[in-house]
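2 protein chains.
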Amino acid sequence: MGRTSDARKKILDAAQSLIEARGYSALGVAEICKAAGVPKGSFYYFFESKEALALAVLDEHWEAQRADWTRVLQGEGEPLARLRRLFAETEAGLRAGQQSCGTVSGCMFGNLTLELSNQTEPIRERLQRIFDAQVEMVEKVVAEAQERGGVTVGNAREAARAIVAQLEGQVMFAKLYNTTSTLGALWANCLALLNARPAVPAAP
Amino acid sequence: MGRTSDARKKILDAAQSLIEARGYSALGVAEICKAAGVPKGSFYYFFESKEALALAVLDEHWEAQRADWTRVLQGEGEPLARLRRLFAETEAGLRAGQQSCGTVSGCMFGNLTLELSNQTEPIRERLQRIFDAQVEMVEKVVAEAQERGGVTVGNAREAARAIVAQLEGQVMFAKLYNTTSTLGALWANCLALLNARPAVPAAP
Chain A
1 MGRTSDARKK
11 ILDAAQSLIE
21 ARGYSALGVA
31 EICKAAGVPK
41 GSFYYFFESK
51 EALALAVLDE
61 HWEAQRADWT
71 RVLQGEGEPL
81 ARLRRLFAET
91 EAGLRAGQQS
101 CGTVSGCMFG
111 NLTLELSNQT
121 EPIRERLQRI
131 FDAQVEMVEK
141 VVAEAQERGG
151 VTVGNAREAA
161 RAIVAQLEGQ
171 VMFAKLYNTT
181 STLGALWANC
191 LALLNARPAV
201 PAAP
Chain B
1 MGRTSDARKK
11 ILDAAQSLIE
21 ARGYSALGVA
31 EICKAAGVPK
41 GSFYYFFESK
51 EALALAVLDE
61 HWEAQRADWT
71 RVLQGEGEPL
81 ARLRRLFAET
91 EAGLRAGQQS
101 CGTVSGCMFG
111 NLTLELSNQT
121 EPIRERLQRI
131 FDAQVEMVEK
141 VVAEAQERGG
151 VTVGNAREAA
161 RAIVAQLEGQ
171 VMFAKLYNTT
181 STLGALWANC
191 LALLNARPAV
201 PAAP
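Listed in order, the protein sequences are those of chains A and B. Those letters in the first sequence? Residues 1 to 204, by the UniProt record's numbering. Those letters in the second sequence? Residues 1 to 204, by the UniProt record's numbering.
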């Protein structure tokens with residue numbers, strides 16, 4: 001039992017690294033198993049298809065990221081300071097990835113949305129749920145800031161969607177130019193999108 | 001001569017449609033030739049590799065899009081009204097694509113950036129040049145608006161990059177949710193990013 005779940009974890013970890021480096025379509029099951037160091041038979045014991053594996057990778061990656069977002073966005077401090085911390089942590093995470101693999105690999109959810117969402121409905125639905133959840137988490141923070149009078153937006157949901165869109169767009173530039181410095185603009189852009197001109201909260 | 005250039009054009013057109021529908025990695029040269037209705041030998045007469053074809057597709061697509069962006073952004077009317085027209089035309093273009101192929105396929109440049117820019121330097125460089133040019137075109141319009149006193153931004157270049165990032169992020173949502181309605185938020189978000197609260201220019 002210990003060994004089987006170990007093999008599943010090895011496949012998931014290998015698949016996540018390979019998908020981050022090269023996307024989904026470029027990969028084959030044999031290559032994933034080789035990287036994971038497990039026989040191909042194991043793969044089909046745990047996953048009925050490459051698509052099923054991709055869904056499991058998305059779930060696992062989102063579970064970890066959701067925990068991070070929850071810690072930051074529902075944590076201590078002023079609402080806007082929490083958003084700022086989210087951007088800083090995102091930048092730090094991308095920088096750590098760049099240092100370990102040589103290039104900024106970007107956001108796995110954004111990457112797979114542009115690569116696959118128009119091709120497979122199960123993956124589209126999973127990614128929709130993930131982005132819905134992200135927007136909802138940001139929306140709550142925007143609504144809190146609104147209650148305190150720090151921001152002026154017509155619609156907290158739309159504003160949250162604009163912030164997540166800005167984040168994805170700037171992460172795209174980080175990948176394109178292979179530098180995380182593009183993310184430095186996120187905070188000022190977020191304040192502009194929220195029509196917020198508060199005293200700048202303490203740096204995260 | 002007429003026939004050869006016709007074959008090249010057929011390959012480029014087929015590749016563009018296939019890349020929009022399924023990305024780059026999922027495609028093989030044989031499939032592209034079949035869709036183009038040309039023998040595989042023709043392919044290697046015109047393109048030394050699939051990557052060379054992708055670069056040619058990018059160039060052709062950008063040539064057409066740059067002409068559109070130039071017409072709109074350097075055309076008649078107030079600077080901000082021209083940006084608004086760019087968003088409206090982008091939305092209309094995505095909607096037309098959705099009607100013809102059933103799904104919103106998004107922005108080819110954004111798609112290939114997230115799929116490939118960390119994997120092949122020639123494609124990364126080409127995409128960098130395209131996005132540099134887009135940002136520069138938007139920057140000129142922002143600078144014009146700034147001169148007229150309609151907007152307040154610290155740095156026109158950064159503001160232009162934020163607008164293109166917002167465009168790419170919202171186009172990503174359009175692809176994810178298979179609806180162009182997400183792009184309706186672009187105009188208000190652009191005004192917020194430019195700290196502009198002008199009398200709203202006439203609809204495009």
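The beta-carbon is built from N, C-alpha and C at its ideal position, and this holds for glycine as well.
Asked: Euclidean distance between Cα positions of B/Met-1 and A/Ala-21; Found: Note that B/Met-1 scores 44 on pLDDT, short of 50, meaning its location in the model is unreliable and no value can be drawn from it.
Asked: Close-in-space but distant-in-sequence residues of the same chain around residue 254 of chain A (CB under 6 Å, 5 per side omitted); Found: Lying before the first or after the last residue shown, residue 254 of chain A is absent from chain A, which here runs from 1 to 204.
Asked: Stretch pair the region 127-145 of chain A + the region 61-81 of chain A: three plus CB contacts closer than 8 Å; Found: yes
Asked: contact_flag[the region 95-115 of chain B, the region 57-68 of chain B] where n(CB pairs < 8 Å) is 3 or more; Found: yes
Asked: Terminal residues of the alpha helix (DSSP H) in which B/Ala-81 lies; Found: 79-101
Asked: Contact check, A/Lys-175 vs B/Ser-25, beta carbons under 8 Å; Found: no
Asked: B/Asp-68 versus A/Ala-35 - alpha carbon distance; Found: 45 Å
Asked: Candidates A/Val-38, A/Ser-49, A/Gln-146, of which the one nearest A/Glu-78 by Cα; Found: A/Gln-146
Asked: Buried/exposed call for A/Gly-150, threshold 16 Cβ in 10 Å; Found: buried
Asked: Alpha-carbon spacing of A/Tyr-44 relative to A/Arg-8, whole angstroms; Found: 10 Å
Asked: Chain B within 8 Å of A/Leu-114, Cβ atoms only; Found: yes
Asked: Buried versus exposed, by CB contacts within 10 Å (16 or more), B/Ser-49; Found: exposed
Asked: Cβ pair B/Leu-80, A/Leu-193 closer than 8 Å; Found: no
Asked: Sequence-distant residues of the same chain with beta carbon closer than 7 Å to B/Val-29, five excluded per side; Found: Lys-40, Phe-43, Lys-50
Asked: Distance between beta carbons of B/Ile-11 and B/Val-38, contact taken as under 8 Å; Found: 6 Å
Asked: Partners in chain A for B/Val-104, counting only beta-carbon separations shorter than 8 Å; Found: Asn-118
Asked: Contact list for A/Ser-25 against chain B, beta-carbon separation under 9 Å; Found: Arg-22, Gly-23, Tyr-24, Ser-25, Ala-26, Leu-27, Glu-115
Asked: Interface partners of B/Ala-15 on chain A, CB under 7 Å; Found: Simply none; closest approach about 15 Å.
Asked: Euclidean distance between Cα positions of B/Val-200 and A/Leu-186; Found: Low confidence applies here, because B/Val-200 scores a pLDDT of 49, under 50, leaving its location unreliable and the question unanswered by this model.
Asked: Distance CB(A/Ile-32)-CB(A/Ala-52) smaller than 8 Å; Found: no
Asked: Chain B contacts from the region 77-92 of chain A (Cβ-Cβ distance under 9 Å); Found: none
Asked: Min CB distance A/Val-200 to chain B below 8 Å; Found: With a pLDDT of only 49 at A/Val-200, under the threshold of 50, the placement of this residue in the model should not be trusted, and no figure is reported.
Asked: Short CB-CB distance (under 8 Å) between B/Gln-128 and chain A; Found: yes
Asked: Beta-carbon contacts of B/Pro-198 that lie in its chain and below 6 Å, excluding the five residues immediately before and after; Found: Any reading at B/Pro-198 must be qualified, since the residue scores a pLDDT of 49, below 50, and its modelled position is unreliable; no value is offered.
Asked: Residues of the UniProt DNA-binding region "H-T-H motif" (28-47) of chain A whose Cβ lies closer than 9 Å to any Cβ of chain B, in chain order; Found: none
Asked: Nearest-angstrom Cα separation, counted from B/Arg-124 out to A/Met-137; Found: 33 Å
Asked: Interface residues of chain A facing B/Gln-166 [CB-CB closer than 9 Å]; Found: Ala-162, Ala-165, Gln-166, Gly-169, Asn-189, Leu-193
Asked: Contact under 8 Å by Cβ, A/Ala-160 with A/Val-135; Found: yes
Asked: Buried/exposed call for B/Ala-96, threshold 16 Cβ in 10 Å; Found: exposed
Asked: Under 8 Å by beta carbon: chain A residues contacting B/Arg-124; Found: Leu-176, Asn-178
Asked: For B/Leu-191 and B/Pro-204, the rounded distance between their alpha carbons; Found: Confidence at B/Pro-204 is low in this model, with a pLDDT of 49, below 50, so its placement is unreliable and the value that follows should be read with caution. Going from the Cα of B/Pro-204 to the Cα of B/Leu-191 covers about 16 Å.
Asked: Beta carbon of A/Asn-195 nearer than 8 Å to that of A/Val-153; Found: yes
Asked: Local Cβ density within 10 Å of A/Gln-99, reported as buried at 16 or more and exposed below that; Found: exposed
Asked: A/Gln-16 in three-state terms, based on DSSP; Found: helix
Asked: B/Val-57 in three-state terms, based on DSSP; Found: helix
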